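Sequential numbering from 0 applies to the sequence shown in numbering that gives the first Met the number 0. A short write-up of the structure that comes next.
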Amino acid sequence: MTMSRMIVGLFVLVSLTLAGQRAGWWGRHEARAPYPPTPMALAYAETQRAEAARAAAVAAENARLAAVQTPAETEDALPPGHGREDTFARCTACHSTAIIRRSGLSRERWDTLMDWMVEKQNMTPLEPDARVLIVDYLAAAFPARRNNARARNPFLTE
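Structural data, given as structure tokens:
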């Protein structure tokens, strides 16, 4: 066989190969199907879906609660007077101003109530100056009322 015949034969072979590949007869294969997921991968995907569902439920509940939440109280809920800021800061740490506003007590009863809250409700005792300031404010802003059914216990609701 001569060299020219070999070159021509090689050229024909390369041409047929390229034409066959271009036509899709060989050389191009479809992508292999992926392996099925492992049980661990399935469990992880389910955990991720469950976490996303829980997060969505929490976000929905937070949005619902934010819509119905009452605004925080400010010291404007109490009448102006010397000691209002301290009274608001100390008293609202444990209860709302509604308990204060619906109570009308004498200075002695307010002072006794402070002792009761320390003994029975585990309130942190106030410094003497702060206690005098707060009791004076409460006695001036919420004085004793006549015929007060709550005089014995200001925490009654009716």
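Think of the CB as a built atom: it goes at the ideal place given N, C-alpha and C, for glycine as much as any other residue. None of the values given here were measured: they were computed from a predicted structure.
Ignore the nearest five residues each way along the sequence and tell me which others in THR91's own chain have a CB closer than 8 Å to its CB. So the qualifying residues of the chain are GLU72.
Starting from the N-terminal side, write out each stretch of the alpha helix (DSSP H) that is 4 residues or longer and does not extend beyond the region 64-141. The region 64-141 contains these whole alpha helix (DSSP H) runs: 83-90, 96-100, 106-119 and 127-140.
If VAL117 and PRO127 are in contact, beta carbons under 8 Å, what's the gap, nearest whole angstrom? Going by Cβ atoms, the distance from VAL117 to PRO127 rounds to 13 Å, so no, they are not a contact pair.
Quick one: grab the DSSP three-state call for PRO36. Reduced to three states, the DSSP call for PRO36 is coil.
In this structure, does DSSP put THR46 in helix, strand or coil? THR46 falls in the helix class under three-state DSSP.
Near ILE99, which residues of its chain fall below 8 Å by C-beta distance, leaving aside the five closest residues on each side in sequence? Excluding five sequence positions before and after ILE99, the CB atoms of its chain that fall closer than 8 Å to its own CB belong to LEU77, THR86, CYS90, LEU137 and PHE141, given in chain order.
Quick one, are the C-beta atoms of SER105 and ALA143 less than 7 Å apart? Contact annotation: SER105 and ALA143 have beta-carbon atoms nearer than 7 Å.
Considering just the uninterrupted stretch of the alpha helix (DSSP H) at GLY8, what are its terminal residues? Start and end: 2-22.
How many angstroms separate the CA atom of ARG130 from the CA atom of ASN61? Computed Cα separation, rounded: 39 Å.
I need the straight-line Cα distance from LEU9 to PRO38, nearest angstrom please. Each residue's Cα considered, the two are about 52 Å apart.
Return the CA-CA distance between LEU17 and MET5, expressed in angstroms with no decimal places. Computed Cα separation, rounded: 18 Å.
Residue from ALA58, ALA97, LEU132 and ALA56 with nearest C-alpha to GLY80: Measuring C-alpha to C-alpha distances from GLY80 to each of ALA58, ALA97, LEU132 and ALA56 identifies LEU132 as the nearest.
If you measure between the beta carbons of VAL134 and TRP109, is that distance less than 7 Å? The criterion of a C-beta distance shorter than 7 Å is satisfied by VAL134 and TRP109.
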